[in-house]
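**Student:** Attaching a single structure in C-alpha cells format; questions to follow.
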Ligand SMILES: [Zn+2]
Ligand SMILES: [Zn+2]
C-alpha cells in the first residue's frame, strides 16, 4: 500500500464516518499494518533503529538517571520535527504526532537499564561497569522512535493525536505512576505498550485479554524480642524462633486460603538476625515479595501478610512492624482491556497472520504499565525476538541477554499500526471504561 491507499482512506473517512459499515474501507484498513512493516523493514529505517538501539545499549542508565538516553531521544525527535514536552518525571518525554487535537492515543516505551554486568562480548557491549540493558528497553526506545518516524511521515493522515510516552524507571521505580502524576495521560483515551520476549520467535506476538502480569509487592518486617544468653532462653524472648514460625505461617496463606485457580505467590527471600552461636538476638528482619493476578487477591494478600506476621510474632511474645514500601516498589496487576484485545488481535493478524498471533499465558512477573491501566484502558503485549539459528542466548534480566535486532521493524510497525488504526476505528472499539474528554492540547 502506498500513498494512493492513504488518499482513499482519507476520502472514505470524509464520506463515511461509520467504519463498521464500510467493507471497502475494512479492506484498506487491513493493509495498513503490512504497509508499515514494509516501511520499517526498509534498510534506511531499519539501520537507523539499529544504530539508536546500539548507542543506547553502550550507555545503559538506571531508573531516573536516563539523562543521556533522554537526550538521544530528543535529538531524534528534533530531527524528525516532532514536538515534545520535557522534562516529564525527571527524564521522561512526551512527543505528539498528528492534529494536536482529540482523540489522543498513547504508545509507551520504557528507557531504563538494570544493575547487571553484561557478559556478552560484542562490539556494542555496555561501556558502563555493572549496568546493562538486559530487559530490552534499548530496543523498546528504538522501536517507538521507528514508529514515530513513519507516523511523522504520514502525520497529515492521522485522525487525531498520537502521544509518544518515553518513560523512565520501569524496573522497580514506579516510573509509570510518576509519568501519570506529571500529566502523561491527559486527554488520552487508550494506551499501548510492548515488551520483547526471548521465548517467542521473531515475527510472532503473544497477548491475552484480562490479567496478563501479576501485581507485585514487597514487605519487610522487624520482629522484636529480647536478647540474652543462649543457654538461659527463659530469660529472653527469642525472635529467631518467632520469625521461623512467621515464615512457615506465611506459606499457609497461599496454600490454604487462596483459590488454587487464582495464582498467587508469597516468597520470603530475606532472613537476617543473630551473629553468634550462643546469643539470642534482640531482633530479626525478614523480607519478601508477594504476587497475585487479581487486584482483589493482591489487596487481600497484603492484608493477610501483615496479620500473620504480627499475630504469629505475638504467639512467641514478640512484636513486629511491617513495611510494604507503598511509595517505592508496588505494581498493580497488568490487566488488558478486552475490547482492546480484540482490536489488537485484528491488527496483529493483519500484519503477521493468525498463526503468528499467540495466546500468552499469565505470568507472575510484573510491569508498571499497570498504573496506566488503572487510569485508562490499556493493552500490553509481547513481541518475539528468538532466532535459534543465531544460537541460544540468555533471557531477560540475564547478563547473557541478547536482543535480536530483527525484532525492531515488527515492534515499530505494530506501534504505528495500533495508533493509526485505533484513531480510525475508535468508534467501533470503544474500550470498556468510560472515556472523559478534556480540552485540546
Ligand atoms: Zn525488566
Ligand atoms: Zn522490561
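Residue numbers (mature numbering (1 follows the signal peptide of the UniProt record, and there is no 0)): -20 to -1, 1 to 421. Just so you know, even glycine gets a beta-carbon here, dropped at the ideal spot from N, CA and C.
1. Given 7 Å as the limit, tell me if residue 41 has its C-beta closer than that to any heavy atom belonging to ligand 2.
2. Say yes only if the C-beta of residue 425 is nearer than 7 Å to one or more non-hydrogen atoms of ligand 2, and no if none qualify.
3. Does the segment 88 to 105 come within contact of the segment 118 to 132, defined as at least 3 CB pairs closer than 8 Å?
4. What does the Cβ neighbour count give for residue 395, buried or exposed, with the cut at 16 atoms within 10 Å?
5. Could you give the uninterrupted runs of the beta strand (DSSP E) lying entirely in the segment 59 to 147, keeping only those of 3 residues or more?
6. Once DSSP output is grouped into helix, strand and coil, what is the label at residue 230?
7. Under the three-state reduction of DSSP, which class applies to residue 311: helix, strand or coil?
8. Can you name the start and end residues of the beta strand (DSSP E) that residue 180 belongs to?
9. Please classify residue 401 as buried or exposed, where buried requires at least 16 other C-beta atoms within 10 Å of its C-beta.
10. Determine the burial state of residue 260: buried for a count of at least 16 other Cβ atoms within 10 Å of its Cβ, exposed for fewer.
11. Please determine, among 193, 370, 128 and 407, the residue with the shortest C-alpha to C-alpha distance to residue 19.
12. Look at residue 312 and residue 195 and say whether their C-beta atoms are less than 8 Å apart.
13. Provide the residue span of the beta strand (DSSP E) that contains residue 303, from first to last.
14. Which of helix, strand or coil does DSSP assign to residue 3?
15. By Cβ distance, which residues of its chain are closer than 6 Å to residue 4, with the 5 residues on each side in sequence left out?
16. Taking any heavy atom of ligand 1 as the mark, which residues have a C-beta closer than 6 Å to it, listed down the chain?
17. Excluding the 5 residues flanking residue 96 on each side, which residues of the same chain have their C-beta closer than 6 Å to its C-beta?
18. So, are the CB atoms of residue 182 and residue 17 less than 8 Å apart?
19. Going straight from the alpha carbon of residue 107 to that of residue 362, what length do you get?
20. Please identify the residue among 307, 148, 64 and 315 whose C-alpha is closest to the C-alpha of residue 356.
21. Report all residues from its chain with a CB closer than 6 Å to the CB of residue 174; omit the five preceding and five following residues, and keep chain order.
22. What's the C-alpha gap between residue 337 and residue 225?
23. Taking only the alpha-carbon atoms, compute the straight-line gap between residue 83 and residue 287 and give it to the nearest angstrom.
24. Any heavy atom of ligand 2 inside 7 Å of the beta-carbon of residue 90?
25. With distance defined between alpha-carbon atoms, name the residue in 159, 130, 403 and 151 nearest to residue 353.
26. Got a sec: does ligand 2 put a non-hydrogen atom nearer than 7 Å to the Cβ of residue 37?
27. Which residue's Cα is closest to the Cα of residue 318: 51, 32, 190 and 38?
28. For the segment 210 to 222 and the segment 271 to 289, state whether three or more C-beta atom pairs, one from each stretch, are separated by less than 8 Å.
29. May I ask whether a heavy atom of ligand 2 can be found less than 7 Å away from the beta carbon of residue 321?
30. Please report how far the alpha carbon of residue -10 lies from the alpha carbon of residue 56, in whole angstroms.
31. At what residues does the alpha helix (DSSP H) containing residue 282 begin and finish?
32. Use the C-beta contact count for residue 273: other C-beta atoms within 10 angstroms, 16 or more gives buried, fewer gives exposed.
33. Can you tell me which of 67, 374 and 399 puts its alpha carbon nearest to the alpha carbon of residue 179?
34. Using 8 Å for Cβ pairs, my map puts residue 300 next to residue 202. What's the rounded Cβ distance?
35. Tell me which same chain residues have a C-beta within less than 8 Å of the C-beta of residue -4, skipping the five on either side of it?
36. Just to confirm, does residue 175 get its C-beta within under 7 Å of one of the non-hydrogen atoms of ligand 2?
**Tutor:** Once the coordinates are examined:
1. Start at 1 with the first residue of the chain shown, and residue 41 comes out as number 61. Not under cutoff, so the answer is no.
2. It is not possible to answer for residue 425, since the shown part of the chain is limited to -20 through 421.
3. Using a C-beta cut-off of 8 Å, the segment 88 to 105 makes contact with the segment 118 to 132, since at least three inter-stretch Cβ pairs fall below that distance.
4. On the chain shown, residue 395 is found 415 positions in, with the first residue counted as 1. Label assigned to residue 395: buried.
5. Fully enclosed beta strand (DSSP E) runs of 3 or longer: 64 to 68, 72 to 78, 84 to 90 and 141 to 147.
6. In the chain shown, counting from the first residue as 1, residue 230 sits at position 250. Here residue 230 sits in helix by DSSP.
7. Numbered from 1 along the chain shown, position 331 holds the residue referred to as residue 311. Note: residue 311 maps to strand in three-state DSSP.
8. Working through the chain shown from its first residue, we reach residue 180 at position 200. Element bounds for residue 180: 168 to 181.
9. Taking the chain shown and counting its residues from 1, one reaches residue 401 at position 421. In the assembly as shown, residue 401 is a buried residue. Its beta-carbon has 16 or more other beta-carbons within 10 Å.
10. Residue mapping note: residue 260 aligns to position 280 of the chain shown, counting from 1. Under this definition residue 260 is a buried residue.
11. As a first step, residue 19 must be located in the chain shown, where it is residue number 39. Checked all of 193, 370, 128 and 407; the closest Cα to residue 19 is 128.
12. As a working mapping, residue 312 is identified with position 332 in the chain shown. As a working mapping, residue 195 is identified with position 215 in the chain shown. A contact, by the Cβ cut-off of 8 Å.
13. Translated into positions along the chain shown, residue 303 becomes position 323. First-last of the beta strand (DSSP E) with residue 303: 299 to 303.
14. Your numbering for residue 3 matches position 23 in the chain shown. Low per-residue confidence applies at residue 3: pLDDT is 44, beneath 50, and the placement is therefore not dependable, though the value from the model is reported in the following sentence. Here residue 3 sits in helix by DSSP.
15. For this step, residue 4 is matched to residue 24 along the chain shown. Because residue 4 carries a pLDDT of 42, less than 50, the predicted location of this residue cannot be relied on, and no value is offered for it.
16. For ligand 1, the selected residues are 115, 151, 376 and 377.
17. Here residue 96 is taken as the residue at index 116 of the chain shown, counted from 1. Excluding positions up to five away in sequence, the list reads 112, 114 and 379.
18. Stepping through the chain shown from its first residue, residue 182 is reached at position 202. Stepping through the chain shown from its first residue, residue 17 is reached at position 37. No. Outside cutoff.
19. To locate residue 107, count along the chain shown from 1; it is residue 127. To locate residue 362, count along the chain shown from 1; it is residue 382. Computed Cα separation, rounded: 28 Å.
20. In the chain shown, counting from the first residue as 1, residue 356 sits at position 376. Of the candidates 307, 148, 64 and 315, the one whose C-alpha sits nearest the C-alpha of residue 356 is 315.
21. If you number the chain shown from 1, residue 174 lands on position 194. Only 361, 363 and 391 meet the Cβ criterion.
22. In the chain shown, the residue the question calls residue 337 occupies position 357. In the chain shown, the residue the question calls residue 225 occupies position 245. Roughly 47 Å separates the two Cα atoms.
23. Along the chain shown, one-based indexing puts residue 83 at 103. Along the chain shown, one-based indexing puts residue 287 at 307. For residue 83 and residue 287, the distance between alpha carbons rounds to 46 Å.
24. Along the chain shown, one-based indexing puts residue 90 at 110. Yes, the beta carbon of residue 90 sits closer than 7 Å to at least one heavy atom of ligand 2.
25. Position 373 of the chain shown, counted from the start, is the residue given in the question as residue 353. Ranking the options by Cα distance to residue 353, first place goes to 159.
26. Here residue 37 refers to the residue found at position 57 when the chain shown is read from its first residue. Residue 37: no, Cβ never under 7 Å from ligand 2.
27. Counting from one through the chain shown, the residue named residue 318 turns up at place 338. Considering only alpha carbons, the answer is 190.
28. No, because fewer than three Cβ pairs between the segment 210 to 222 and the segment 271 to 289 fall closer than 8 Å, the two stretches do not touch.
29. As a working mapping, residue 321 is identified with position 341 in the chain shown. Answer for residue 321: no, Cβ out of range of ligand 2.
30. As a working note, residue -10 is residue 11 in the chain shown. As a working note, residue 56 is residue 76 in the chain shown. Bear in mind that a pLDDT of 44 at residue -10, under 50, signals an unreliable position, so the number given afterwards is only what the model happens to contain. Cα to Cα, the separation comes out at about 32 Å.
31. For the purposes of this step, residue 282 is taken as the residue at position 302 of the chain shown. Residues 275 to 295.
32. Taking the chain shown and counting its residues from 1, the one referred to as residue 273 is at position 293. Within 10 angstroms of the beta-carbon of residue 273 lie 16 or more other beta-carbons, which makes it buried.
33. As a first step, residue 179 is located in the chain shown; it is residue number 199 there, counting from the start. It is 374 whose Cα lies nearest to the Cα of residue 179.
34. In the chain shown, counting from the first residue as 1, residue 300 sits at position 320. In the chain shown, counting from the first residue as 1, residue 202 sits at position 222. The Cβ separation is near 7 Å, so the contact holds.
35. For this step, residue -4 is matched to residue 17 along the chain shown. Any reading at residue -4 must be qualified, since the residue scores a pLDDT of 36, below 50, and its modelled position is unreliable; no value is offered.
36. The sequence position of residue 175 within the chain shown is 195, counting from 1. When distances are taken from the beta-carbon of residue 175 to the heavy atoms of ligand 2, the shortest one is below 7 Å.
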